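Colleague: Below you'll find the structure I mean.
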Amino acid sequence: MRATPENTTLMVVYEDRPTDLIALKLLALSLARHCPDIHLRVVCPVATPDMERWLRRQPNVECRCGAALQSNGYDVKPTLLREALEEGRDEVWWVDSDIIFNGDFRKPLGQLDHHTFVGTQEVHWGARQGTRFRTWGHGYSIGRCLPHTINSCLLRFTKAHLNLLHDWEGTVRSERYQKVQQLPWRQRPLYMITDQDCLNALLGSSKHAHIPVHLLRRGRDIIQNGGPAGYTVGERLANVTRGGSLPAVVHMQGLKPWNFAKKRPIMKAVSYSFERLALQLSPYCQLAAQYRDAMDEPAAWFELDTAAARWLDRLTLGSPHLRGLPCALVDAAWRRVKRLKEQWCGESASIQPMSMHGAYRLESSTTRDSDSVKRAA
Ligand SMILES: [Mn+2]
């Protein structure tokens with residue numbers, strides 16, 4: 000049956016980094032296997048002719064290569080989603096290109112009503128979890144405080160959320176946001192590091208507090224694979240106890256395995272070996288290996304080509320939860336040490352984007368000193 004707005008669910012993905020095109024293949028292939036009713040719109044202004052040909056061969060993909068867009072980078076989300084809804088659909092999903100599916104992610108959501116917004120819980124290590132600081136930072140009146148920061152890797156919007164989309168689009172196109180984006184990301188204020196923080200701010204505001212929010216649970220429904228400890232030790236052990244396979248969604252945040260070799264010259268030998276081992280043993284690479292024959296290009300980055308990786312894989316009988324566990328333990332311990340050091344040295348010495356204001360201070364920030372932030376918390 001020919002895909003039309005009436006008989007399919009639409010999911011939109013955008014990629015403008017020439018080095019990351021392979022992620023689109025894994026996304027499209029895994030979506031076709033696990034959610035065959037979903038139609039994937041790939042917006043990719045940098046697609047090579049080979050890539051475009053491959054995309055056009057996929058029955059579940061609609062290719063919009065060479066598209067001229069007003070926004071760029073991750074800020075395109077609200078614009079592309081609004082346009083998709085204005086075409087006549089009632090519902091549209093956003094997906095990050097660095098996601099691979101391992102099941103139908105909609106199962107834990109049950110029957111969704113028209114008003115429910117869907118997102119995912121942020122990685123465990125995300126700075127200052129929740130919407131409160133973000134809503135406050137933007138100067139909106141606080142309508143509710145969601146305890147988890149919403150990670151925008153997978154989002155559902157319906158026509159009931161057009162006002163929210165409109166406000167999000169306005170925020171990421173504002174002069175203030177664009178000015179902040181010129182800074183290195185570590186220097187940006189917490190509430191404007193990316194478009195995701197702006198969305199969190201809006202959903203916590205009085206204006207949008209009536210929207211029901213359903214988040215895919217980290218560890219059970221989605222793995223936020225940001226470093227080996229992104230899939231936390233606790234989540235790994237809980238999933239072993241449940242005896243199941245990996246959750247339906249795996250999000251490869253941060254360092255990408257296909258780009259890793261290029262990072263070598265600036266990395267020290269020990270950290271290089273550790274990062275390489277952790278990436279090879281990651282859930283994302285384990286799932287990616289299933290599609291090696293369908294990618295139509297050589298890709299060896301998911302192969303276990305070191306003795307340590309093969310040894311850990313054998314020792315854990317290839318368990319996707321356990322084979323990366325030693326790396327997760329080391330990574331978690333290292334992150335805890337860094338956090339403690341930051342607490343001792345004070346927030347200003349932090350190298351993580353933990354600061355409310357970063358290097359950019361709002362004109363009105365004099366009234367928003369750190370004491371008032373603590374009171375708001
Ligand atoms: Mn992502």
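Position one of the sequence shown corresponds to residue 0 (numbering that gives the first Met the number 0), numbered consecutively onward. Where is the CB? At the ideal position from N, CA and C, for every residue including glycine. All values derive from a computational prediction rather than experimental measurement.
(1) Are the beta-carbon atoms belonging to Gly142 and Ala208 less than 7 Å from one another?
(2) For Gln289, which residues in the same chain have their Cβ closer than 7 Å to its Cβ, ignoring the five residues on either side in sequence?
(3) Which residue wins for smallest C-alpha separation from Ala83, given the options Pro297, Thr47, His160, Ala22?
(4) Might you give, ordered along the chain, the residues of its own chain that have their beta carbon closer than 7 Å to the beta carbon of Asp295, omitting 5 neighbours on each side?
(5) Looking at the secondary structure, which residues open and close the beta strand (DSSP E) in which Glu61 lies?
(6) In whole angstroms, give me the CA-to-CA distance for Val212 and Trp124.
(7) Beta-carbon within less than 6 Å of Gly102's beta-carbon, same chain only, minus the 5 sequence neighbours each way: which residues are those?
(8) Can you tell me whether Asn199 is helix, strand or coil according to DSSP?
(9) Among residues of its own chain, excluding the 5 on either side of Leu154, which ones have a beta-carbon nearer than 7 Å to its beta-carbon?
(10) Who does Leu39 pair with in a DSSP beta bridge?
(11) Could you tell me the distance, in whole angstroms, from the CA atom of Glu86 to the CA atom of Thr157?
(12) Smallest Cα separation from Ser272: which of His38, Gln186, Leu303?
(13) Hey, would you say Leu108 sits closer than 7 Å to Thr130, going by beta carbons?
(14) On the criterion of 16 or more Cβ atoms from any shown chain inside 10 Å, does Ser270 qualify as buried, or is it exposed?
(15) Once the 5 residues before and after Ala293 are set aside, which same chain residues still bring their CB inside 6 Å of it?
(16) So for Ile149, helix, strand or coil by DSSP?
(17) Identify every run of the alpha helix (DSSP H) within the stretch 71–126, keeping only runs that are complete inside it and at least 4 residues long; order them along the chain.
(18) Could you tell me the alpha carbon to alpha carbon distance between Cys62 and Leu80, rounded to whole angstroms?
(19) For Gln223, tell me which candidate among Tyr283, Arg291, Gln110 has the shortest Cα-Cα distance.
Modeller: According to the data block:
(1) Taking 7 Å as the Cβ cut-off, Gly142 and Ala208 qualify as a contacting pair.
(2) Once the five neighbours on either side are set aside, Gln289 has no close Cβ partner at all.
(3) Nearest C-alpha to Ala83 among Pro297, Thr47, His160, Ala22: His160.
(4) Within the same chain, Asp295 has close Cβ partners Trp53.
(5) Note, Glu61: beta strand (DSSP E), 60–64.
(6) One C-alpha to the other measures close to 21 Å.
(7) Excluding sequence neighbours, Gly102 sits near His33, Ala247.
(8) Of the three classes helix, strand and coil, the one that applies to Asn199 here is helix, per DSSP.
(9) These residues qualify, in order along the chain: Trp92, Trp93, Val117, Gly118.
(10) In the DSSP output, where bridge partners are listed per residue, Leu39 has Met10, Val60.
(11) Each residue's Cα considered, the two are about 12 Å apart.
(12) Selection His38, Gln186, Leu303 evaluated against Ser272 yields Leu303 as nearest (Cα-Cα).
(13) No.
(14) By the neighbour-count criterion, in which a residue is buried when 16 or more other Cβ atoms sit within 10 angstroms of its Cβ, Ser270 is exposed.
(15) Correct list, in chain order: Leu28.
(16) In the three-state scheme derived from DSSP, where H, G and I count as helix and E and B as strand, Ile149 is classed as strand.
(17) With a minimum length of 4 residues, the unbroken runs of alpha helix (DSSP H) contained wholly in the stretch 71–126 fall at 76–85.
(18) The C-alpha of Cys62 lies about 16 Å from the C-alpha of Leu80.
(19) Distances from the CA of Gln223 to each of Tyr283, Arg291, Gln110 were compared; the closest alpha carbon is that of Tyr283.
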